[in-house]
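Every letter in the sequence shown is one number past the one before it in numbering that gives the first Met the number 0, and letter 156, counting from 1, is 155.
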Amino acid sequence: MKKDKKVLKLGVLGLGEGRSIISAALQSKDWELGMICDLNEALCKERCEEFNFDKYTLSYQDMLQDETIDVIGIYTPDQLHAKHIMMALEAGKHVICTKPLMITLDEANTLLEVQKRTGKLVFVGQSSRYFEPAKRQREDYEKGLHGELTTVETHYITDARWFLEKGWSHQKGFSWMYNFMIHAVDLAVWYLPEIEEVYGLGVISENTKERNLSVTDTMTFLLKNKDSRYATVKGYYATPTLGSAVEQSISCTLRGTKGVSRAGYPKLKYYTNFAPVEKTAKLQTFDDLHDYYFRFENESHHAGEYQNYIEDFARCFREGVTPKPDLKEGIRTLAIAEAMEISMRENRAVKVQEILDRRGIQL
Ligand SMILES: NC(=O)c1ccc[n+]([C@@H]2O[C@H](COP(=O)([O-])OP(=O)(O)OC[C@H]3O[C@@H](n4cnc5c(N)ncnc54)[C@H](O)[C@@H]3O)[C@@H](O)[C@H]2O)c1
Numbered sequence: 000m001k002k003d004k005k006v007l008k009l010g011v012l013g014l015g016e017g018r019s020i021i022s023a024a025l026q027s028k029d030w031e032l033g034m035i036c037d038l039n040e041a042l043c044k045e046r047c048e049e050f051n052f053d054k055y056t057l058s059y060q061d062m063l064q065d066e067t068i069d070v071i072g073i074y075t076p077d078q079l080h081a082k083h084i085m086m087a088l089e090a091g092k093h094v095i096c097t098k099p100l101m102i103t104l105d106e107a108n109t110l111l112e113v114q115k116r117t118g119k120l121v122f123v124g125q126s127s128r129y130f131e132p133a134k135r136q137r138e139d140y141e142k143g144l145h146g147e148l149t150t151v152e153t154h155y156i157t158d159a160r161w162f163l164e165k166g167w168s169h170q171k172g173f174s175w176m177y178n179f180m181i182h183a184v185d186l187a188v189w190y191l192p193e194i195e196e197v198y199g200l201g202v203i204s205e206n207t208k209e210r211n212l213s214v215t216d217t218m219t220f221l222l223k224n225k226d227s228r229y230a231t232v233k234g235y236y237a238t239p240t241l242g243s244a245v246e247q248s249i250s251c252t253l254r255g256t257k258g259v260s261r262a263g264y265p266k267l268k269y270y271t272n273f274a275p276v277e278k279t280a281k282l283q284t285f286d287d288l289h290d291y292y293f294r295f296e297n298e299s300h301h302a303g304e305y306q307n308y309i310e311d312f313a314r315c316f317r318e319g320v321t322p323k324p325d326l327k328e329g330i331r332t333l334a335i336a337e338a339m340e341i342s343m344r345e346n347r348a349v350k351v352q353e354i355l356d357r358r359g360i361q362l
């Protein structure tokens, strides 16, 4: 890995959510925006106008052939990530790929082989590790303020029926598990990295069925760590919610022997009750950071989180450290997600190793 380069040049593939990483790169002293790419020319032009930029292409191959580009940021539909990562690696580029890394483990071994051979970095853009309360919570966890962690509760609850307007949500491979719930799974695994067995229940609501889809939209799981600590992970996607003032969309609660904390999104609220423990938790809000995290209309997109992760990627790159979650960690999280899906389907506890063995994956 080269460590001396000060500025990394970014190519962005997929300009819907890709808008956020464009904004992040343009505001960073560590990054330069090299080119943007989408099949949709009108969208390329819209983004160029929005960001006062002029280098776009409709061809991914063209962007890959640009030797000045170091890193490709991939924001295409979930079903295309594996292929697009592979193409970038083969062209000698590092990769930042949005979640989900992939939608099945079918190509995990090939990707591991290509990544090893090319020696390029693959970083999974698990944005939920990077919003302000999640960052503060991690710092407090690393300082030991929770004592010994006893259990983790995460959820991603949102009425995302709007998402079913996207054409690719009706194509093979779409699921709430991989597209949405992976955020909550990743947060749980971040704190309990040795999840070995999972059990869960799921329901397909009438709201999903009436759209002729058969993807489970209401799910609750227990994830057991090797040392018997466990996480509770929930995801509800096609029914009304209580709203983020009552129940944040993304939430991560850490309960430990000395303290407890809860990080929430999108309201950027962080509750803590550390020693000396009180009857009521303290609340931190981050109103001054609102415009940093939410740069576009209707608090849409995730520019602030992506800013945080590209800066982290650049720091790791300079220091010769692998930015995490990397390809292996991403694949292990997908093996947990696959075990969760099988558990729901077959109504049994499923070991993560069973998935890795079945697919001959060695991490
Ligand atoms: N919090 C997060 O990290 C977060 C949030 C939203 C979306 N995402 C992820 O971002 C990805 C994109 O989601 P979206 O909402 O922007 O979807 P979208 O459908 O709005 O955008 C995808 C874009 O990719 C383009 N595209 C498709 N195939 C292409 C190809 N071969 N070459 C070039 N362009 C191509 C499409 O034209 C489209 O503009 C998804 O994987 C989604 O899961 C992540």
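Even glycine gets a Cβ: it sits at the ideal position worked out from N, Cα and C. Computed from a predicted model, the values in this text were never measured in an experiment.
query, result
"Per the contact definition of three or more C-beta pairs closer than 8 Å, is the stretch 109–129 in contact with the stretch 180–187?", "yes"
"I need the boundaries of the beta strand (DSSP E) containing Asn-272, first residue and last residue.", "268–272"
"For the stretch 140–159 against the stretch 223–236, do three or more pairs of beta-carbon atoms, one drawn from each stretch, fall closer than 8 Å, so that the two count as touching?", "yes"
"Since I believe Tyr-59 is in contact with Cys-96 (beta carbons under 8 Å), could you give me their beta-carbon distance rounded to a whole number of angstroms?", "Actually they are not in contact, since the Cβ atoms of Cys-96 and Tyr-59 sit about 14 Å apart, beyond 8 Å."
"Could you check if Asp-356 is buried or exposed, using at least 16 other CB atoms within 10 Å of its CB as the buried criterion?", "exposed"
"Which class does Val-188 belong to by DSSP, given the choice of helix, strand or coil?", "helix"
"Write down every uninterrupted run of the alpha helix (DSSP H) in the stretch 22–79 whose length is 4 residues or greater and which is fully enclosed by it, in chain order.", "40–50 and 59–64"
"For Val-276, which option in Gly-258, Gln-283, Thr-284 and Tyr-270 has the closest C-alpha, if you only look at C-alpha atoms?", "Gly-258"
"Among Pro-99, Leu-326, Thr-117 and Pro-132, which residue has its Cα nearest to the Cα of Lys-281?", "Pro-132"
"With DSSP as the reference, label Gly-17 as helix, strand or coil.", "helix"
"Who are Ala-262's beta bridge partners in DSSP?", "Cys-251 and Tyr-269"
"Less than 8 Å separating the Cβ of Leu-14 from some heavy atom of ligand 1?", "yes"
"Are Val-349 and Ala-336 close, meaning C-beta to C-beta below 9 Å?", "no"
"If you draw a straight line from the C-alpha of Tyr-291 to the C-alpha of Arg-137, how long is it?", "20 Å"
"Measuring CA to CA, which of Thr-279, Ser-243, Val-6 and Asp-216 is closest to Gly-263?", "Ser-243"
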